[in-house]
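**Student:**
Numbering (the working numbering), first residue to last: 64 to 154.
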């Protein structure tokens with residue numbers, strides 16, 4: 064074989080190897096892009112936990128608001144009793 068033919072063969076082998084590497088990298092890039100578009104299992108689990116915490120916080124807030132309403136009603140009732148008692152004692 065002549066040096067020119069050897070050079071051409073080695074160039075062709077190098078070109079094929081480079082093309083193979085490029086195709087492999089392109090496939091990996093596509094795979095990574097697809098993975099980035101999908102929420103990870105960890106992200107989904109974290110979102111689920113945060114939603115549960117939010118629901119629990121909302122439930123506690125409703126309970127607290129209900130307790131405040133009940134206390135305000137009792138307070139108003141006691142104030143009225145005090146007003147009534149004061150009026151009676153002034154008579």
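For each residue, glycine too, the CB sits at the ideal point set by N, CA and C. Quantities reported herein were computed from a predicted structural model and do not represent experimental measurements.
1. Just to confirm the assignment, what range does the alpha helix (DSSP H) spanning residue 106 have?
2. Helix or strand or just coil, what does DSSP make of residue 86?
3. Can you give me the C-alpha to C-alpha distance between residue 136 and residue 130, rounded to a whole angstrom?
**Tutor:** In brief:
1. 104-153
2. helix
3. 10 Å
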